[in-house]
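Visitor: Under the numbering used here, the first residue of the sequence shown is numbered 180, with each subsequent residue one higher.
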Amino acid sequence: MILTVTLNPSIDISYPLEEFKLDTVNRVSDVSKTPGGKGLNVARVLNDLKESVTATGCVGGENGEFLLHHLPESIQNRFYKISGDTRNCIAILHEGKQTEILEHGPFLDQDEVDGFANHFKYILGDVDVITMSGSLPVGMPVDFYQHLIRISNTFGKKTVLDCSGNALKAVLEGDDKPTVIKPNTEELAQLLGQDVGLNLEELKAVLKQPLFDGIEWIIVSLGADGAFAKHGSTFYKVDIPKIEVVNPVGSGDSTVAGIASGLANDEDDQALLTKANVLGMLNAQEKTTGHVNMSNYNELYDRLIVREV
Ligand code: ADP
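1. Name the one or two DSSP bridge partners that P285 has.
2. Out of H410, K383, L379, A384, which one is the CA nearest neighbour of I394?
3. Just list the residues that DSSP pairs M311 with in beta bridges.
4. In terms of alpha-carbon separation, which member of I269, I360, V292, S400 lies closest to V375?
5. Following a CB-centred definition, is V204 positioned closer than 7 Å to any heavy atom of ligand 1?
6. Assuming R266 and S189 form a contact by the criterion Cβ under 8 Å, report the distance between their Cβ atoms to the nearest whole angstrom.
7. Which residue comes first and which comes last in the alpha helix (DSSP H) that contains F407?
8. Using the rule of at least 16 other Cβ atoms within 10 Å of the residue's Cβ for burial, across every protein chain shown, is G344 buried or exposed?
9. Decide yes or no for the touch test of the segment 366-381 against the segment 301-316: beta carbon pairs closer than 8 Å, at least 3 of them.
10. Identify, in the order they occur along the chain, each residue of the same chain with its Cβ nearer than 6 Å to the Cβ of A270, setting aside the five sequence neighbours on each side.
11. Considering only heavy atoms of ligand 1 and the C-beta of each residue, which residues fall inside 6 Å, strictly closer?
12. Quick one: measure Cβ to Cβ for L247 and V238, integer angstroms, because I've assumed they're closer than 8 Å.
13. Closest to S440 by CA distance: which of V350, D305, V339, D392 is it?
14. For the beta strand (DSSP E) holding L272, just list the boundary residues, first then last.
15. Would the beta-carbon of Q325 fall within 8 Å of that of V359?
16. For F295, which three-state DSSP category applies?
17. Between L461 and Y476, how many whole angstroms is the CB-CB distance? I'm expecting something under 8 Å.
18. Can you name the start and end residues of the alpha helix (DSSP H) that I330 belongs to?
19. Can you tell me the Cα-Cα spacing of I261 and V488, whole angstroms?
20. Taking 8 Å as the threshold (C-beta atoms), are D432 and V221 in contact?
21. Pick from T364, A403, P214, G335: whose alpha carbon is nearest that of V385?
22. Quick one: give me the first and last residue of the beta strand (DSSP E) that E487 is part of.
23. By how many angstroms is the C-alpha of D392 removed from the C-alpha of L483?
24. Does DSSP put S253 in a helix, a strand or coil?
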């Protein structure tokens, strides 16, 4: 069983417009509203993979009810109810561009923060792997992922962390280490305050920095260039073929789903990295964020090369 954590989920609203007119009325007929948030993308892709998956996080208000109501039935719901309203995130799609309006989301008081941590502890029973994705809601301390990782480690669960900025920094500087982190090069550069390019020797030097000590797997996703990974003291480059891309938003979440599935099934390094990248690519080939068409899986799988570097 894989548990996905989405602490600050959203209702994602998309407004496609032929032309976006500022300072006047824009009318839209083709509105879509779906449960959103990086962890929910992970859950949906795991569901497409036919993995057994449970989703948790914090939800509240009418938007929270909407989110729970629209989760696929095969994803088990173990969300924790809070008093604030789950946020809306609006994407206006116009003239080939995307303008986004993202609400901060609800504030959690100390009782709710502690309440979620307790809830998390009690739902870990038959979970093998936990994914933690995205930003923290307002009110949660910056080291909250560190707290969840400590609990997970105490119960012998594997963890995949996909966050950025101060939340990632707090985990790297803490004593309790996740099994896997999956930064992209932008997130690495932001973390380290230095440019991170595609040169393999430079990437190796970056991942050998003491900041990453104690983390079993570091998987750096490189978009159309595949991925670079460190497992223990072994380095890998994943080479991927050129594909026709429709919408790469959510590819990183899809990759996280592949990593979690690889860990849950005790797959070897080659298989885990291939699965993670194939799922990222499959997501990039779809219009819908956090969805993969598994009928194209095998054909792509055979075209990836994982090489030790
Ligand atoms: P994130 O969304 O976290 O920035 P990436 O953009 O690196 O993550 O995407 C994750 C994975 O998805 C990549 O490692 C790659 O396998 C696949 N992918 C993403 N974008 C593309 C693309 N344009 N072409 C082919 N594969 C892609």
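Even glycine gets a Cβ: it sits at the ideal position worked out from N, Cα and C. A quick note: this is a predicted structure, and the numbers were derived from the prediction, not measured.
Guide: To lay it out plainly:
1. Paired residues: none, contrary to the question.
2. H410
3. V184, L340
4. S400
5. no
6. 5 Å
7. Run containing F407: none in the alpha helix (DSSP H); it sits in the beta strand (DSSP E), 406-410.
8. exposed
9. no
10. S193, Q277, E279
11. N363, S400, L401, G402, A403, G405, A406, I419, I422, V424, P427, S430, G431, T434, N456, G459, M460, A463
12. 6 Å
13. V339
14. 266-273
15. no
16. helix
17. 7 Å
18. 323-333
19. 47 Å
20. yes
21. T364
22. 484-487
23. 29 Å
24. coil
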